[in-house]
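K.L.:
Handing you a structure now.
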Amino acid sequence: MSDYSYIFDAFGKSLKIFGDWDPCLKDICSWYAMPPSQKSDQPEFSLEISGVKSEEMERLIPLPGAEYKIRSGIMAANQNFDFTSYINGSRQWVDYAGAGRIMIDYGKGSAVSLMCSKAMLPTYQKYLFADYALDKLFTSKGIFSMHASCASVGGKGIAFTGNSGAGKSTSAFALMQKGMPILTDEKLFIFKNAGYTAGSVSDIIKVRYDVLSKFFTAKKECQEYDVIAGEHYLKLGCSKKSSWQNRVPLKALCLLEQTGELKTEIKNVNPTKLVGGLFPVTITGASLQYKEAKFGFITEMLENIECRLVKFGTDMEAFAVKIQELAETL
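Just add 21 to wherever you are in the sequence shown, counting from 1, and you've got our numbering.
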């Protein structure tokens with residue numbers, strides 16, 4: 022196996038990703054769209070992804086006792102994998118039986134993902150052993166993920182959240198078709214500086230064929246990264262037109278509500294109404310300290326940015342016009 026080492030700029034902080042697990046690391050620079058970091062010494066985050074024999078796993082990443090188990094279940098990937106999560110102090114473990122194991126040390130800003138087989142397809146490996154670990158590491162540095170889509174409208178970030186099926190992806194793609202770059206259709210990172218900044222680490226989105234045929238009809242609009250079980254993974258950053266953006270000042274958060282009507286309406290809304298769309302999806306398994314920090318961050322953010330209720334109509338052109346009008350007022 023080859024040795025890989027990359028240092029990325031993750032929202033102004035240096036991130037080192039390294040190891041010898043070829044299925045994950047050989048094209049990690051295509052999976053992520055973070056620029057290279059100029060800080061080569063002492064990265065603020067580190068993630069190792071390496072391969073080991075199954076019998077070595079327990080020695081290299083031993084699991085804590087059963088009293089530290091917080092969750093278990095089945096993760097559906099290209100096949101079903103039993104998983105178990107543990108928390109003990111500032112460390113977290115996730116074990117995927119027959120695939121690999123993750124250990125995250127929040128205090129040190131480091132994570133190790135060890136793979137013991139190729140049973141899981143590489144794209145799923147990146148989601149579960151790279152993306153998940155980075156999500157947790159970012160939390161330890163005040164960079165929080167939110168289950169939301171986001172577009173840059175006239176240089177202003179407008180994010181969309183809501184219950185499953187509310188139209189988060191559809192809203193982003195509709196704006197993208199009108200020339201407004203999107204950051205993500207699913208997972209948005211937010212951190213505080215002078216105001217609030219929204220960002221994304223990857224320009225890859227996952228769409229079904231019906232969405233592909235509706236919003237991505239031009240052959241050269243994006244590059245197809247992978248296709249699994251009828252789902253298309255598209256890389257937006259390779260398109261000639263600017264359809265993806267790394268980060269943008271976040272100016273508004275919109276709660277989507279599908280109406281089935283043609284027209285879109287935008288109304289003022291009490292920020293507390295958006296909490297239901299953000300929780301509990303955005304509060305995932307992590308140490309209590311960082312779970313509380315994330316709750317406090319999002320609660321404070323909702324009090325300091327514009328919040329709107331978007332009664333999402335079926336006319337995508339009219340929807341895009343309404344969002345542009347909203348951006349002009351921010």
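Backbone N, C-alpha and C fix where the C-beta goes; we use that ideal spot for every residue, glycine too.
1. Only counting runs of 3 or more residues, tell me where the beta strand (DSSP E) segments fall wholly within the region 139-173, in order along the chain.
2. Roughly how many whole angstroms lie between the Cα atoms of residue 116 and residue 103?
3. For residue 46, which residues in the same chain have their Cβ closer than 7 Å to its Cβ, ignoring the five residues on either side in sequence?
4. Take residue 314 as the anchor and find which of 287, 219, 185 and 161 has the nearest alpha-carbon.
5. I'd like the list of long-range same chain contacts for residue 64, defined as Cβ closer than 7 Å, with 5 residues on each side in sequence excluded.
6. Closest to residue 248 by C-alpha separation, out of 144, 183 and 289, would be which residue?
7. Suppose the cutoff is 6 Å on Cβ atoms and the five residues either side in sequence are ignored; what does the same chain contact list for residue 282 look like?
8. When DSSP builds the beta bridges, which residues end up paired with residue 247?
9. Can you give, in chain order, each stretch of the alpha helix (DSSP H) that sits fully within the region 36-113 and has at least 4 residues?
10. Take residue 272 as the anchor and find which of 172, 186 and 252 has the nearest alpha-carbon.
11. Which of the three DSSP states, helix, strand or coil, is assigned to residue 179?
12. Thinking C-alpha only, which one of 42, 49 and 54 is nearest residue 31?
13. For residue 42, collect the residues of the same chain with a Cβ closer than 6 Å to its Cβ; drop the 5 residues on either side in sequence, then sort them by chain order.
14. What does the Cβ neighbour count give for residue 288, buried or exposed, with the cut at 16 atoms within 10 Å?
15. Suppose you measure from the CA of residue 268 to the CA of residue 163; what does that come to, to the nearest Å?
16. If the criterion is Cβ atoms closer than 8 Å, does the pair residue 118 and residue 124 meet it?
17. If you reduce the DSSP assignment to three classes, tell me which class residue 304 lands in.
18. On the DSSP bridge assignment, give the partners of residue 331 in chain order.
19. Report the three-state DSSP secondary structure of residue 194 (helix, strand or coil).
20. Note down the Cα distance separating residue 175 from residue 231, rounded to an integer number of angstroms.
21. Let's see if you can read the secondary structure: which residues bound the beta strand (DSSP E) around residue 218?
22. Nearest by alpha-carbon distance to residue 225: which of 52, 48, 180 and 146 is it?
23. Alpha helix (DSSP H) containing residue 230: first to last residue?
24. With H, G and I counted as helix, E and B as strand and the rest as coil, what does DSSP make of residue 337?
25. Could you pull out every residue in the same chain whose Cβ sits closer than 6 Å to the Cβ of residue 222, ignoring the five residues on either side in sequence?
26. Once you ignore the five residues that flank residue 344 on each side, which residues in its own chain have a CB closer than 7 Å to its CB?
27. Using the C-alpha atoms, what's the distance from residue 351 back to residue 327?
28. Which one of 227, 277, 88 and 33 has the shortest CA to CA distance from residue 110?
29. Have a look at residue 324 and residue 276 and give me their C-alpha separation to the nearest angstrom.
30. Under 8 Å by Cβ, that's how I've got residue 17 and residue 170 pegged, so tell me the actual separation to the nearest angstrom.
31. Do residue 233 and residue 167 have their CB atoms nearer than 8 Å?
32. The alpha helix (DSSP H) that contains residue 351, what's its start and end?
33. Name the DSSP beta bridge partners of residue 25, please?
34. Could you give the distance in angstroms between the alpha-carbon of residue 146 and the alpha-carbon of residue 127?
P.N.:
Working from what's here:
1. 165-168
2. 8 Å
3. 25, 40 and 70
4. 161
5. 28, 35, 36 and 37
6. 144
7. 334
8. 254
9. 43-46, 49-52 and 78-81
10. 172
11. strand
12. 54
13. 70, 71, 72 and 136
14. exposed
15. 16 Å
16. no
17. Bear in mind that a pLDDT of 48 at residue 304, under 50, signals an unreliable position, so the number given afterwards is only what the model happens to contain. If DSSP states are grouped into helix, strand and coil, residue 304 belongs with coil.
18. 277 and 287
19. helix
20. 29 Å
21. 217-220
22. 52
23. 230-236
24. helix
25. 53 and 55
26. 174, 179 and 196
27. 8 Å
28. 88
29. 15 Å
30. Any answer about residue 17 is impossible in this case: the structure gives the chain only from 22 up to 351.
31. no
32. Per DSSP, residue 351 belongs to no alpha helix (DSSP H) and is neither H nor E.
33. 40
34. 21 Å
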